[in-house]
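Novice: Pasting a structure below so you can have a look.
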Ligand SMILES: [Cu+2]
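Have a look at this one:
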């Protein structure tokens, strides 16, 4: 009988732990960032500075930091943007964070945010 009581206490402790882990997971999940989580977290965004914007060709020149997912060292280079609308969010000289992927052999910028 005594061991049954201990078992009951143990079960309630385990479920309490599972409950708090669940709450923690929900608390750290930010709904607005769900889109980024498919590829990478926003912490993995590349830092850069806009050097030139060409809306006609959807190209943008960025002086960028290390791009870990492409194994690329820091440099200044021209990127194509996935969506032309991204170019409306930034101006030459802006410090930015951006996401970039290799797609069909081309390097494509998928997201740009002006860094604060
Ligand atoms: Cu580069």
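Residue numbers (my numbering): 1070 to 1185. Glycine included, C-beta positions come from ideal geometry on N, C-alpha and C. The model shown is predicted, which means the values in this text are computed figures rather than measured ones.
Taking 7 Å as the CB-CB limit, is residue 1131 close to chain B?
Specialist: Absent from the structure is chain B; it holds one protein chain and no more.
Novice: Does residue 1129 pass the burial test, meaning 16 or more other C-beta atoms within 10 Å, or should it be called exposed?
Specialist: buried
Novice: Can residue 1167 and residue 1177 be called in contact, C-beta distance under 7 Å?
Specialist: no
Novice: As a quick exercise: from 1116, 1132, 1151 and 1169, pick the residue whose alpha carbon is nearest that of residue 1138.
Specialist: 1169
Novice: Can you list every residue whose CB sits closer than 5 Å to some heavy atom of ligand 1, going in chain order?
Specialist: 1141, 1144 and 1146
Novice: Looking at residue 1156 and residue 1119, is the spacing between their C-beta atoms short of 7 Å?
Specialist: No, the Cβ-Cβ distance between residue 1119 and residue 1156 is not below 7 Å.
Novice: So, under 8 Å CB-CB, residue 1127 and residue 1149 are touching, yes? Tell me the CB distance rounded to an integer number of Å.
Specialist: 6 Å
Novice: Do you know whose CA, among 1074, 1180, 1144 and 1165, lies nearest residue 1153's CA?
Specialist: 1180
Novice: Closest to residue 1133 by C-alpha separation, out of 1171, 1115, 1174 and 1183, would be which residue?
Specialist: 1115
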